């Protein structure tokens, strides 16, 4: 049976001013760590999708102007175990990358049905820990972004 999920999603790097990255451990795959991700719903804009997913997965209610659209799109193959969620014949997803800088002490409230836990790691360690190549590549790009002030290496 085929689903109706859109093959369009967001990846949101939540980071501190010192480039510690917030990672979430997937409930369905213990040991798999990632940034905030989620699919676009109905007629919401991608920016709205990013803000909704941040709120749902971390409890952070980010201001629209704080969520930065990188104007970067990754195309990747949808894992076979998830294809039933999409219309028949859909095999690839388009992932739009965003970021949000918050103080390291920002309270995080995870969605227990989606995640087992969270942690903050320095960006290089976070890049090594995530399971997704697109998440890793975005983390590695973060220090070179013009809109990110780097306060430590």
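In my numbering, the protein residues as written are 66 to 218.
Every residue, glycine too, gets a C-beta built ideally from N, C-alpha and C.
Treat the numbers as computed from the prediction; the structure is a model and nothing was measured.
Going along the chain, which residues of its own chain have a beta-carbon closer than 8 angstroms to the beta-carbon of residue i, five neighbours each way excluded?
i: residue 132; result: 77, 112, 115, 116, 119, 163, 164, 165
i: residue 74; result: 102, 103, 104, 105, 114, 158, 159, 160, 161
i: residue 171; result: 125
Quick one: residues in its chain with C-beta nearer than 6 angstroms to the C-beta of residue i, no 5 flanking neighbours on either side, listed in chain order?
i: residue 216; result: Unreliable positioning characterises residue 216 in this predicted model, as indicated by a pLDDT of 48, which lies under 50. The coordinate reading is nonetheless provided below. 82, 83, listed in sequence order.
i: residue 218; result: Confidence at residue 218 is low in this model, with a pLDDT of 39, below 50, so the placement of that residue should be treated as unreliable; the coordinate-derived value is given next. If we look at residue 218 and ignore the five residues flanking it on each side, it has no Cβ neighbours.
i: residue 152; result: 67
Give the DSSP-derived three-state secondary structure of residue i in the structure shown.
i: residue 200; result: helix
i: residue 22; result: The structure shown does not extend to residue 22, since the chain is modelled only from 66 through 218, so no value can be given for it.
i: residue 194; result: helix
i: residue 133; result: strand
i: residue 138; result: strand
i: residue 120; result: helix
i: residue 71; result: coil
i: residue 78; result: strand
i: residue 159; result: strand
i: residue 144; result: coil
i: residue 114; result: helix
Relative to the C-alpha of residue i, which residue among the options is closest?
i: residue 142; options: 136, 135, 154, 174; result: 154
i: residue 109; options: 71, 79, 175, 91; result: 71
i: residue 249; options: 140, 184, 187; result: Nothing can be reported for residue 249: it is not among the residues displayed for the chain, which extend from 66 to 218.
i: residue 193; options: 205, 183, 184, 182; result: 205
i: residue 96; options: 207, 181, 185; result: 181
Could you give the distance in angstroms between the alpha-carbon of residue i and the alpha-carbon of residue j?
i: residue 89; j: residue 168; result: 17 angstroms
i: residue 188; j: residue 99; result: 12 angstroms
i: residue 149; j: residue 93; result: 16 angstroms
i: residue 145; j: residue 156; result: 8 angstroms
i: residue 87; j: residue 69; result: 30 angstroms
i: residue 209; j: residue 67; result: 40 angstroms
i: residue 137; j: residue 184; result: 25 angstroms
Since residue i sits in a beta bridge, which residues does DSSP pair it with?
i: residue 187; result: 85
i: residue 182; result: 90
Might you give, ordered along the chain, the residues of its own chain that have their beta carbon closer than 7 angstroms to the beta carbon of residue i, omitting 5 neighbours on each side?
i: residue 176; result: 121, 122
i: residue 191; result: 86, 88, 204
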